[in-house]
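*Asks:*
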Amino acid sequence: MNPGIIGSFKDCSRICGQSFFLWFPALALCGIMIGMKYHKDILEVIFYARGGQGAKSAAEILAQSALKEGKFVQSFPSFGPERSGAPTKTYLRISNREIRTHEPVVDPDIAVVLDETLLESEPVTQGLDKNEAIIVNTEMTAQEVKNILRFDGKVYPTAANRISMDIVGQPRPNTVILGKLVQVTEMVKLESVLEEFRNIFEAKVGKEITDKNIAAIEKAYDLI
Amino acid sequence: MAIKNNDNRKALTGGAAIAEALRQIGPDVMPVYPITPQTPIIETYAKFVADGEADTEMIEVESEHSAISAAVGASAAGARTVTATSSQGLALMHEILYIASGMRLPILMPVAARALASPINIHGDHSDVMGARDAGWIQLFAENPQEAYDKTIIGMRLAEAAKLPVMVIIDGFNTSHSVENLEMLDGKAVKKFVGEYKAEKSLLDVANPVTFGSFALQDTFFEFKIEQEKAMAEALDQYRKIAKEYAAISGREYSLFEKYATKDADKILVMAGSAAGTTKDAIDELRAKGKKVGLIEIELFRPFPRKELLKALSGAKEIIVMDRAQSIGSNPPFYTEIVSAMHDSKKTGCDIRSFIYGIGGRDLFKSQIIDLVNGKIKGKYLN
Chain A
1 MNPGIIGSFK DCSRICGQSF FLWFPALALC GIMIGMKYHK DILEVIFYAR
51 GGQGAKSAAE ILAQSALKEG KFVQSFPSFG PERSGAPTKT YLRISNREIR
101 THEPVVDPDI AVVLDETLLE SEPVTQGLDK NEAIIVNTEM TAQEVKNILR
151 FDGKVYPTAA NRISMDIVGQ PRPNTVILGK LVQVTEMVKL ESVLEEFRNI
201 FEAKVGKEIT DKNIAAIEKA YDLI
Chain B
225 MAIKNNDNRK ALTGGAAIAE ALRQIGPDVM PVYPITPQTP IIETYAKFVA
275 DGEADTEMIE VESEHSAISA AVGASAAGAR TVTATSSQGL ALMHEILYIA
325 SGMRLPILMP VAARALASPI NIHGDHSDVM GARDAGWIQL FAENPQEAYD
375 KTIIGMRLAE AAKLPVMVII DGFNTSHSVE NLEMLDGKAV KKFVGEYKAE
425 KSLLDVANPV TFGSFALQDT FFEFKIEQEK AMAEALDQYR KIAKEYAAIS
475 GREYSLFEKY ATKDADKILV MAGSAAGTTK DAIDELRAKG KKVGLIEIEL
525 FRPFPRKELL KALSGAKEII VMDRAQSIGS NPPFYTEIVS AMHDSKKTGC
575 DIRSFIYGIG GRDLFKSQII DLVNGKIKGK YLN
């Protein structure tokens with residue numbers, strides 16, 4: 001991801017995030033700001049994971065958070081055979097204007113890899129240039145990941161499994177890694193994600209586990 | 225501080241959007257049998273019933289043949305009846321589809337359109353619904369979850385007005401499983417729009433006994449079928465009228481088909497379903513480079529709005545028809561319809577080209593549509 005787009009997207013969410021409708025002129029400006037770099041005003045993400053890791057849920061949490069901030073969203077899995085453990089791709093688009101396309105994401109701004117064993121088997125850097133970024137759930141260093149991928153863009157290693165084990169007591173990297181993704185892109189506000197997580201999960205898993213998960217997302221968000 | 229947003233703004237899959245629309249309609253009876261990628265519709269609906277948010281009588285049956293058979297029985301008994309299916313399920317229903325339409329039963333059936341085996345494939349294309357295009361059902365295509373929601377509500381009214389069964393068609397996976405923005409209506413507004421359903425004649429009305437689907441031989445059968453065709457033709461204006469009423473409560477206007485950038489277009493693409501969204505983006509790019517290209521998105525396929533479509537296509541020098549289904553041994557369905565309509569009008573001097581895309585869930589990219597318009601695709605397949 002180009003620093004420009006991160007900057008613009010940050011500015012954008014600051015200016016327009018909460019008051020989408022009140023700040024329409026500012027919104028139009030954001031569109032132009034993002035558009036200048038990429039000729040589009042849409043942020044596109046691909047999640048690489050294994051079936052059962054919850055990439056689809058993670059993308060949907062972001063989609064619901066962005067919706068609440070007044071944005072347009074689209075999230076869909078790459079429709080391969082769905083079985084536990086098989087490599088999966090999930091696409092996410094967040095935009096300031098209506099999303100009409102139904103093509104898979106071909107030119108992502110950022111990729112998220114939930115399982116490091118996919119680094120060598122899946123084309124996880126496809127469509128990413130040296131100004132774009134990849135977030136990987138791993139204990140490796142950025143340089144080690146770069147060596148495997150032969151990728152000269154930005155690499156953000158995030159030990160999402162460990163953070164999740166330490167805080168939640170279960171390996172749930174999918175939601176933890178959202179903290180890092182939000183930190184890097186500021187595609188939505190962290191509070192929106194946490195609120196959405198609570199909305200979706202508190203009734204299912206109880207307050208204690210929800211609080212722990214939220215703490216884990218915050219921890220990933222605070223990683224340098 | 226929590227953002228005060230309109231609570232009716234949602235991000236839902238097409239399947240969930242249809243389930244929400246059904247919840248707001250509140251049908252009396254819903255016989256169901258699961259099949260990918262339709263399952264999210266009935267699964268979500270079953271949850272509404274379990275949670276007490278809907279009081280529909282759900283009937284779990286042992287096959288799609290039974291699901292549509294139970295729907296026929298319920299509808300003939302005077303109940304507002306819906307079911308949903310896809311692919312092999314629709315194929316298994318085939319026999320009963322004709323019985324539903326022949327009995328003039330206003331059953332609403334969302335279909336998540338999907339390929340037909342063999343080989344086995346669970347992904348989206350229009351083979352299943354095209355196989356049912358002559359079954360006497362109204363067929364209404366939706367592009368995205370918003371349209372899926374809207375057309376489910378419109379479809380219920382249309383079925384009851386036309387006394388014909390209605391399929392609301394979404395693309396399997398592309399729409400059924402894609403989370404997108406939509407705006408729902410207020411529950412009360414939907415209830416008011418669809419109104420209370422009272423069947424004109426029903427099996428349970430013992431004071432006025434009737435029979436459905438009885439024997440009709442050489443002396444009457446033909447007339448029944450002519451009546452059915454008339455009812456289908458009338459459904460066109462009924463759809464227009466109902467869509468207009470819907471626009472008044474929703475602000476979203478639907479017509480027989482959608483025209484996108486067609487006014488001064490030399491080239492017009494014709495297609496239905498989720499690919500139309502991708503195509504609109506492609507058209508914007510082509511327009512920015514001075515290409516005079518537009519899109520006609522088919523919404524109502526049965527009845528087919530021949531006259532109106534011809535008018536909309538009259539300015540085009542080239543028409544590119546994109547089908548997501550084959551008619552193996554002949555030309556694909558949309559293409560055949562357009563060519564036949566053109567022949568009726570004696571319109572000449574216009575090139576009509578046929579392309580087949582997206583079979584078995586094959587992705588369609590914006591770049592392919594741009595190449596197609598620029599004459600760079602050889603052959604008839606976007607594969």
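One line per chain: the protein sequences are A and B, in this order.
If you count the first sequence from 1, position 223 lands on 223 in our numbering, and the numbers rise without skipping.
If you count the second sequence from 1, position 220 lands on 444 in our numbering, and the numbers rise without skipping.
Yeah, the Cβ is synthetic: ideal placement off N, Cα and C, and Gly gets one too.
Could you check whether Pro334 of chain B and Val285 of chain B sit closer than 8 Å to each other, using their CB atoms as the reference points?
*Replies:* Working through the second sequence from its first residue, we reach residue 285 of chain B at position 61. Working through the second sequence from its first residue, we reach residue 334 of chain B at position 110. No, the pair does not count as a contact, with Cβ atoms beyond the cut-off.
*Asks:* What's the gap between the Cα of Lys513 of chain B and the Cα of Ser402 of chain B?
*Replies:* The residue given as residue 513 of chain B occupies position 289 in the second sequence. The residue given as residue 402 of chain B occupies position 178 in the second sequence. Between Lys513 of chain B and Ser402 of chain B, the C-alpha separation is close to 31 Å.
*Asks:* Nearest-angstrom Cα distance between Pro87 of chain A and Asn137 of chain A?
*Replies:* Taking the first residue of the first sequence as 1, we reach residue 87 of chain A at position 87. Taking the first residue of the first sequence as 1, we reach residue 137 of chain A at position 137. Between Pro87 of chain A and Asn137 of chain A, the C-alpha separation is close to 15 Å.
*Asks:* In terms of residue numbering, what span does the alpha helix (DSSP H) encompassing Val168 of chain A cover?
*Replies:* Translated into positions along the first sequence, residue 168 of chain A becomes position 168. Val168 of chain A -> no alpha helix (DSSP H), and no H or E assigned at all.
*Asks:* If we count the other Cβ atoms within 10 Å of its Cβ and call it buried at 16 or more, is Val168 of chain A buried or exposed?
*Replies:* For the purposes of this step, residue 168 of chain A is identified with residue 168 of the first sequence, where counting begins at 1. Val168 of chain A comes out buried.
*Asks:* Output, in chain order, the set of chain A residues within a Cβ distance shorter than 8 Å of Gly584 of chain B.
*Replies:* Position 360 of the second sequence holds residue 584 of chain B. Neighbours of Gly584 of chain B on chain A: none; closest Cβ ~11 Å, over 8 Å.
*Asks:* For Ser121 of chain A, would you say it is in contact with chain B, using Cβ-to-Cβ distances shorter than 8 Å as the test?
*Replies:* Reading the first sequence from its first residue, position 121 is the one you call residue 121 of chain A. No, because no Cβ of chain B sits closer than 8 Å to the Cβ of Ser121 of chain A.
*Asks:* Within its chain, find whatever has a CB closer than 6 Å to the CB of Ser19 of chain A; leave out the 5 residues flanking it on each side and keep chain order.
*Replies:* The residue labelled residue 19 of chain A in the question sits at position 19 within the first sequence. Because the pLDDT of Ser19 of chain A is 38, which lies under 50, any placement of that residue in the model is unreliable, and the question is left without a value.
*Asks:* When you check each C-beta in the stretch 97-124 of chain A against every C-beta of chain B, which residues fall closer than 9 Å?
*Replies:* Those would be Glu98, Ile99, Arg100, Thr101, His102, Glu103, Pro104, Val106, in chain order.
*Asks:* Taking Asn345 of chain B as the reference, which of B:Thr503, B:Asp252, B:Ala301, B:Ile259 has the closest Cα?
*Replies:* If you number the second sequence from 1, residue 345 of chain B lands on position 121. Looking at the Cα atoms, B:Ile259 is the closest of the given residues.
*Asks:* Alpha carbons only, please: which of A:Ala63, A:Val45, A:Ala49, A:Gly51 is nearest the one belonging to Leu194 of chain A?
*Replies:* Here residue 194 of chain A corresponds to residue number 194 of the first sequence, with the count starting at 1. Ranking A:Ala63, A:Val45, A:Ala49, A:Gly51 by Cα distance to Leu194 of chain A puts A:Ala63 first.
*Asks:* Beta-carbon within less than 7 Å of Ser498 of chain B's beta-carbon, same chain only, minus the 5 sequence neighbours each way: which residues are those?
*Replies:* As a first step, residue 498 of chain B is located in the second sequence; it is residue number 274 there, counting from the start. Excluding sequence neighbours, Ser498 of chain B sits near Glu367, Asn368, Asp395, Asn398, Thr399.
*Asks:* Are the C-beta atoms of Ala235 of chain B and some chain A residue less than 8 Å apart?
*Replies:* If you number the second sequence from 1, residue 235 of chain B lands on position 11. Judged by the 8 Å Cβ criterion, Ala235 of chain B is in contact with chain A.
*Asks:* Just the Cα atoms here: how many angstroms apart are Tyr694 of chain B and Ile583 of chain B?
*Replies:* Limits of chain B in this structure are 225 at one end and 607 at the other, which puts residue 694 of chain B out of reach.
*Asks:* Would you call the stretch 521-538 of chain B and the stretch 483-494 of chain B in contact, with 3 or more CB pairs under 8 Å?
*Replies:* The stretch 521-538 of chain B is in contact with the stretch 483-494 of chain B.
*Asks:* Closest by CA to Pro108 of chain A, which one among A:Ile134, A:Leu118, A:Glu196, A:Glu116?
*Replies:* Numbered from 1 along the first sequence, position 108 holds the residue referred to as residue 108 of chain A. It is A:Ile134.
*Asks:* Can you tell me whether Gly573 of chain B is buried or exposed? The criterion is at least 16 other CB atoms within 10 Å of its CB, across all chains shown.
*Replies:* As a working note, residue 573 of chain B is residue 349 in the second sequence. Counting Cβ neighbours within 10 Å, Gly573 of chain B comes out exposed, since fewer than 16 surround it.
*Asks:* In the DSSP assignment, find the unbroken beta strand (DSSP E) run with Tyr470 of chain B in it and report its ends.
*Replies:* Here residue 470 of chain B corresponds to residue number 246 of the second sequence, with the count starting at 1. No beta strand (DSSP E) contains Tyr470 of chain B, which is instead part of the alpha helix (DSSP H) from 445-474.
*Asks:* In angstroms, rounded to a whole number, what distance separates the CA positions of Ala142 of chain A and Ile61 of chain A?
*Replies:* For the purposes of this step, residue 142 of chain A is taken as residue 142 along the first sequence, with counting starting at 1. For the purposes of this step, residue 61 of chain A is taken as residue 61 along the first sequence, with counting starting at 1. Spanning the two alpha carbons is a distance of roughly 27 Å.
*Asks:* Evaluate Gln442 of chain B with the Cβ neighbour count: other Cβ atoms within 10 Å of its Cβ, from every protein chain shown; 16 or more gives buried, anything less gives exposed.
*Replies:* Residue mapping note: residue 442 of chain B aligns to position 218 of the second sequence, counting from 1. It is exposed - the Cβ of Gln442 of chain B has fewer than 16 other Cβ atoms within 10 Å.
*Asks:* Could you name the residues that DSSP lists as bridge partners for Met282 of chain B?
*Replies:* As a first step, residue 282 of chain B is located in the second sequence; it is residue number 58 there, counting from the start. B:Met254.
*Asks:* Pull out every residue of the stretch 69-91 of chain A whose Cβ sits closer than 8 Å to any Cβ of chain B, in chain order.
*Replies:* Per Cβ criterion, the list reads Glu69, Gly70, Phe72, Val73, Gln74, Ser75, Phe76, Pro77, Phe79.
*Asks:* Threshold first: 4 residues or longer. Then list the alpha helix (DSSP H) segments lying entirely within the stretch 147-206 of chain A, N to C.
*Replies:* The qualifying runs are 160-167, 173-185, 190-205.
*Asks:* Using DSSP with H/G/I as helix, E/B as strand and the rest coil, what is Val112 of chain A?
*Replies:* For the purposes of this step, residue 112 of chain A is identified with residue 112 of the first sequence, where counting begins at 1. Val112 of chain A falls in the strand class under three-state DSSP.
*Asks:* Does the beta-carbon distance from Lys416 of chain B to Pro330 of chain B come in below 8 Å?
*Replies:* Along the second sequence, read from residue 1 onward, the residue named residue 416 of chain B stands at position 192. Along the second sequence, read from residue 1 onward, the residue named residue 330 of chain B stands at position 106. The answer is no: Cβ separation not under 8 Å.
*Asks:* Is Leu67 of chain A close to chain B, meaning its C-beta is less than 8 Å from at least one C-beta of that chain?
*Replies:* Translated into positions along the first sequence, residue 67 of chain A becomes position 67. It does: the Cβ of Leu67 of chain A has a partner Cβ on chain B nearer than 8 Å.
*Asks:* Roughly how many angstroms lie between the CA atoms of Ile593 of chain B and Tyr559 of chain B, to the nearest whole one?
*Replies:* Position 369 of the second sequence, counting from 1, holds the residue named residue 593 of chain B. Position 335 of the second sequence, counting from 1, holds the residue named residue 559 of chain B. Distance between the alpha carbons of Ile593 of chain B and Tyr559 of chain B is about 17 Å.
*Asks:* Near Ala506 of chain B, what residues of its chain come up, given a Cβ to Cβ distance below 7 Å and the 5 sequence neighbours on each side ignored?
*Replies:* Taking the second sequence and counting its residues from 1, one reaches residue 506 of chain B at position 282. Here the set comprises Lys590, Ile593, Ile594.
*Asks:* Could one say the Cβ of Gln64 of chain A lies closer than 8 Å to chain B's Cβ atoms, at least one of them?
*Replies:* Here residue 64 of chain A corresponds to residue number 64 of the first sequence, with the count starting at 1. At least one chain B Cβ lies under 8 Å of Gln64 of chain A.
*Asks:* Whose CA, out of A:Val73, A:Ala55, A:Pro157, lies closest to the CA of Arg93 of chain A?
*Replies:* Working through the first sequence from its first residue, we reach residue 93 of chain A at position 93. It is A:Val73 whose Cα lies nearest to the Cα of Arg93 of chain A.
*Asks:* Here's a check: name, in chain order, each residue in its chain whose Cβ is nearer than 8 Å to the Cβ of Leu67 of chain A, leaving out the five neighbours to either side.
*Replies:* Here the question's residue 67 of chain A lines up with position 67 in the first sequence. Only Val73 meet the Cβ criterion.
*Asks:* If we count the other Cβ atoms within 10 Å of its Cβ and call it buried at 16 or more, is Ser311 of chain B buried or exposed?
*Replies:* Numbered from 1 along the second sequence, position 87 holds the residue referred to as residue 311 of chain B. So Ser311 of chain B ends up on the buried side.
*Asks:* Taking only beta-carbon atoms, is His401 of chain B less than 8 Å away from chain A?
*Replies:* One-based indexing of the second sequence puts residue 401 of chain B at position 177. Interface residue, yes.
*Asks:* Any C-beta of chain A within less than 9 Å: which residues of the stretch 331-362 of chain B qualify?
*Replies:* So the close ones are Ile346, His347, Gly348.
*Asks:* Contact between the stretch 237-251 of chain B and the stretch 197-217 of chain A: three or more CB pairs below 8 Å?
*Replies:* Flag = no, the stretch 237-251 of chain B and the stretch 197-217 of chain A do not touch.
*Asks:* Taking Cβ positions only, does Glu620 of chain B come closer than 8 Å to chain A?
*Replies:* This structure cannot settle anything about residue 620 of chain B, because the visible part of chain B is limited to 225 through 607.
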